[in-house]
Amino acid sequence: MNKTPKTVSDVIRAHFDGLTRAERQLAESLLDNYPVSGLGSITTVADNAGVSTPTVARMVQKLGYKGYAEFQAHLHHELEATLSNPIAKHDRWASNAPGTHILNRFADAVINNMRQTLSALDTRSFDGAARLLSDRKRNVYFVGGRITGALAEYFFTHMQVIRPKTALMSSNTSAWPQNVLNMSAGDVLVIFDIRRYEADMETLAEVAKASGVEIILFTDPWSSPVAKHASHCFRIDIEAPSAWDSSVVTLFVVEALIEAVQSSAWDETRERMNTLEGLFEQARLFRKPH
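Right, dumping it as structure tokens:
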């Protein structure tokens, strides 16, 4: 969904059409098990792709890198960013923290995340995701990881009011096969997967995609491996002066999608909301003011 390259994989895809046949073979090899596939020696990378070493050297320069060393340095930087644990992140931020209040520093980071994400977000893909979620004939499933499961639940909670045929998948992976069993071609699976990526998510996406399920992915700038299976991929900036990644902009995009789906068939949504309010009143779930 990004208009400007952010990662080495972005750069490769942006230049793909201008590559020779051998270079395209190399590019596909690099993307197949990215970024690990590019971390070996230049000879190893060439052998794995079935091309010559000079082909590797020519392609990385064509991509805009001064040489293989610079190309690989970018890959190492990406890998470090995706694998960094909360303690390492906090130490890095603390050593570089400006002498301003945390509220201001956090606000600056979030605003920058918003700016960067929106500048790269493809509105056509956003609209495509909204159309999938708005199609009442499709079942929609939501799943997230240890932290992002809360975002999946938030999205699901709103969508089950707006439309029928929604399901929240458990964070317990042993329950996933039953969900996949119920999925049909054309259904939608919304996945949240940010660094450090959860290995089972890629397997789930692969199996669902093979069944004809459309996948909508929420991830980070470095991109979860699930991206290769996704119909729509929201790559969202998440850096913050904290041990934890920020979910603010992810939630912003989620809420924008909620509104887009809600407005697509407002009469039906309003009727469901009115019915639900009646059920709440019968159950005396919410306290009324006297």
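In terms of the UniProt record's numbering, the sequence shown has 30 at position 30, counting the first letter as 1, and numbering is strictly consecutive. Note that beta-carbon positions come from the ideal geometry of N, C-alpha and C, so glycine has one too.
Legend entry - Rounded C-alpha distance that separates A130 from P54: Against the sequence shown, residue 130 aligns to sequence position 130. Against the sequence shown, residue 54 aligns to sequence position 54. Those two C-alpha atoms are separated by around 45 angstroms.
Legend entry - Beta-bridge pairing of F126 - partner residues as DSSP gives them: Position 126 of the sequence shown, counted from the start, is the residue given in the question as residue 126. Paired residue(s): none; F126 is not in a bridge.
Inset, instruction - Pick helix, strand or coil for E259, following the three-state DSSP scheme. - result: Here the question's residue 259 lines up with position 259 in the sequence shown. E259: helix per DSSP, three-state reduction.
Inset, instruction - Could you check what DSSP says for E268 in three-state terms: helix, strand or coil? - result: The count along the sequence shown starts at 1 and reaches residue 268 at position 268. DSSP places E268 in helix when its eight states are reduced to three.
Inset, instruction - Express the C-alpha separation of R272 and residue 345 in angstroms, rounding to a whole number. - result: Limits of the chain in this structure are 1 at one end and 290 at the other, which puts residue 345 out of reach.
Inset, instruction - Measure the C-alpha to C-alpha separation of V60 and K66 and round it to an integer number of angstroms. - result: For the purposes of this step, residue 60 is taken as residue 60 along the sequence shown, with counting starting at 1. For the purposes of this step, residue 66 is taken as residue 66 along the sequence shown, with counting starting at 1. Each residue's Cα considered, the two are about 8 angstroms apart.
Inset, instruction - State yes or no: is the C-beta of L217 within less than 8 angstroms of the C-beta of D193? - result: As a position in the sequence shown, residue 217 is number 217, starting the count at 1. As a position in the sequence shown, residue 193 is number 193, starting the count at 1. In contact: L217 and D193 (Cβ atoms closer than 8 angstroms).
Inset, instruction - Have a look at I162 and I191 and give me their C-alpha separation to the nearest angstrom. - result: Position 162 of the sequence shown, counting from 1, holds the residue named residue 162. Position 191 of the sequence shown, counting from 1, holds the residue named residue 191. Those two C-alpha atoms are separated by around 19 angstroms.
Inset, instruction - Would you kindly report the start and end of the unbroken alpha helix (DSSP H) that includes E214? - result: In the sequence shown, the residue the question calls residue 214 occupies position 214. Taken as a continuous stretch (DSSP letters only), E214 belongs to no alpha helix (DSSP H), being part of the beta strand (DSSP E) at E214 to T219.
Inset, instruction - Check whether the Cβ of R146 sits closer than 7 angstroms to any heavy atom of the ligand GDP, and report yes or no. - result: With respect to the ligand GDP, the structure offers nothing, as it holds no ligand at all.
Legend entry - The alpha helix (DSSP H) enclosing residue 291, as first and last residue numbers: No information on residue 291 is available, as it lies outside the stretch 1 to 290 that the chain covers here.
Legend entry - DSSP-derived helix/strand/coil call for Y68: Counted from its first residue, the sequence shown places residue 68 at position 68. It is helical.
Inset, instruction - Evaluate the contact criterion for the region 108-118 versus the region 243-250: three or more CB pairs, one atom per stretch, below 8 angstroms. - result: yes
Legend entry - Per DSSP, cross-strand counterpart(s) of A167: As a first step, residue 167 is located in the sequence shown; it is residue number 167 there, counting from the start. Answer is Y141.
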